[in-house]
Amino acid sequence: MAKKIELLLRESLPPIGKTGDVVRVAPGFARNFLLPRKLAIEATAENKKSMAKRRAKLDAEEAARNAEIEKRVVLLSSLSLVTRERADEKGSLFGSVGAAGIVKLLAGVGHPVEEKAVRLEHPLKTLGTHKVKIHVYGDKHAEITVVVEAAKE
């Protein structure tokens, strides 16, 4: 079995490591994949020092981005949207409120999102209060409240 070599990652590679990590990989993987694509460099003391500075900058940027995402999740989760739809006396809507309708409601209160970010199992077809997930980023979701009321005729 070939001896593993140490390299310093220049980019984050999820199965291997993050930017700035020193990893031990097979020589063929390093020679044929990591080094030609400039994803890694030799793990010398000088390279480690310069990568530590870059890693600190990237970590600060990531922390700021995560704080912004968390702020948006909290802001969206505090929303309660009200829509008025035509319904029968039993509380069933004549139509339904789907992802496009929720996107319009969010845009109306100053929180534009894409339709694909709305996570509905099925359109809302009854009067009442419904919880709807909104995908924010990665594995972060906000849960908004949508209140469907009967329209006054």
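Our numbering numbers the first residue of the sequence shown as 5 and each following residue consecutively.
By construction, the Cβ of each residue, glycine as well, lies at the ideal position given by its N, Cα and C atoms.
Distance between residue j and residue i (C-alpha atoms, nearest Å)
i: A34; j: R123; result: 41 Å
i: N36; j: L12; result: 16 Å
i: V29; j: A64; result: 28 Å
i: V27; j: G142; result: 26 Å
i: G114; j: E50; result: 49 Å
i: D92; j: A146; result: 31 Å
As assigned by DSSP and simplified to three states, the class of residue i
i: A154; result: strand
i: I45; result: strand
i: V77; result: helix
i: V113; result: coil
i: S84; result: strand
i: E15; result: coil
Presumed contact (8 Å Cβ cut-off) between residue i and residue j, rounded CB distance
i: E89; j: V152; result: 6 Å
i: L62; j: T87; result: That pair is no contact at about 42 Å.
Range covered by the beta strand (DSSP E) that runs through residue i
i: T133; result: G132 to Y141
i: F98; result: S96 to V101
Short CB-CB distance (under 8 Å) between residue i and chain B
i: L128; result: Of the protein chains in this structure there is only one, and it is not chain B.
Under 8 Å between C-beta atoms of residue i and residue j
i: T130; j: S96; result: yes
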